[in-house]
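In our numbering, the protein residues as written are 5 to 315. Here a beta-carbon is modelled for each residue, glycine too, at the ideal position from N, C-alpha and C. Keep in mind that this is a model prediction, so the values were computed, not measured. Encoded as structure tokens, the structure appears first; notes follow it.
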Ligand SMILES: Nc1nc2c(c(=O)[nH]1)N[C@H]1C(S)=C(S)[C@@H](COP(=O)(O)O)O[C@H]1N2
Ligand SMILES: [Mo]
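What follows is the structure, given as structure tokens:
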């Protein structure tokens, strides 16, 4: 437990991308999750890194992106997490004070079983997968990172939505005493909230992410759990989820409430639709100088464009 918390609190590796390092960190993730009690009902002693891992529950496919992975440390020190600060370079430090254990998720709205669940319960006995995704912020910076998680669908189905549910709404925590941005930017409608149409959330690319670079999420990336929707602008990928709610009406979202003309509900990455204040035709990967062309649906058009055929 202590071991994992230490790791989860942002022990940053310079670059976690060689196969050896990934294999090691994957073992660490497994050990860490075991230490947290994932996969067993009673608490277990802390597992040291030298303990042989159980058969790995993290399924890993080789990264086949069109670009190199972003350096882990760069990704972990350039973050949007307005609860802490609008200053992307300072978020990672400020977020270290977020206590992410224990952590519960409230299940509400159109479900057969409204309840409060421990976050670990939601992925129990599911196979964790590593997924390398491009990730594109609406501000035209981007990265490519290996997330660890389970299909969002597998978690949502566990929550037993009613057949009438059409959307899913997610909400982040409200803790102004630790998240100083929630005090400093008091005019924002905290807590942060986002939503997806249910068929978007059920798409196999949509992830319920609990890790990155082979270990549990550090706070600045949205510990202990965040959503990752790789074909949409980054603000849809809500961090540190505390509530999941099924609805029939399209929910409002944090940024579309703040600036409806700038951030719409769908927010699919589209090079042809400029933000009112800048072009979306190109982007800059963290750590790179040259800009790259923005890809329709962030490069996932073949997989997801059909979701929007009727719109
Ligand atoms: N709760 C919460 N989730 C959030 C945000 C936020 O401010 N608060 N920012 C979003 C935005 S704008 C982006 S680009 C991504 C950034 O994720 P990263 O810091 O892990 O790269 O998180 C998204 N999720
Ligand atoms: Mo963003």
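By a beta-carbon distance limit of 8 Å, residue 63 contacts residue 133. Their separation comes to about 5 Å.
The Cβ atoms of residue 181 and residue 196 lie no closer than 9 Å to each other. Boundaries of the alpha helix (DSSP H) around residue 203: 202-205. As DSSP reads the structure, residue 297 sits in a beta bridge with 286. Scanning its chain for C-beta atoms nearer than 8 Å, with the 5 sequence neighbours on each side dropped, one finds around residue 171 the residues 199, 200, 201, 202, 250, 251, 252, 253, 254, 255, in chain order. Distance from the C-beta of residue 226 to the nearest heavy atom of ligand 2 is not below 8 Å. Three or more Cβ pairs drawn from the region 234-243 and the region 267-281 lie within less than 8 Å of each other, which places the two stretches in contact. With respect to residue 102, residue 261 sits apart: the two C-beta atoms are not nearer than 9 Å. In this structure, residue 238 has its beta carbon less than 8 Å from a heavy atom of ligand 1. Nearest to residue 246 by alpha-carbon distance, out of 179, 74, 145, 271, is 179. For residue 84, the distance from the CB to the nearest heavy atom of ligand 2 is below 8 Å. Not one heavy atom of ligand 2 falls within 8 Å of the beta-carbon of residue 277. In this structure the region 80-98 does not lie against the region 111-125, because fewer than three pairs of beta carbons, one per stretch, are closer than 8 Å. Beta-bridge analysis with DSSP links residue 195 to no other residue. At least one heavy atom of ligand 2 sits closer than 8 Å to the Cβ of residue 142.
For residue 94, the secondary structure class from DSSP, reduced to helix, strand or coil, is coil. Minimum Cα-Cα distance from residue 156 among the listed residues 278, 229, 298 corresponds to 229.
In the three-state reduction of the DSSP assignment, residue 63 falls in the strand class. As computed with DSSP, residue 215 is found in a beta bridge with 152, 220. In the three-state reduction of the DSSP assignment, residue 270 falls in the coil class. Fewer than three pairs of CB atoms, one per stretch, sit closer than 8 Å, so the region 74-89 makes no contact with the region 204-212. Between residue 286 and residue 298 the beta-carbon gap is near 6 Å, inside 8 Å, which marks them as a contact.
Only buried fits residue 165, as 16 or more other CB atoms lie within 10 angstroms of its CB.
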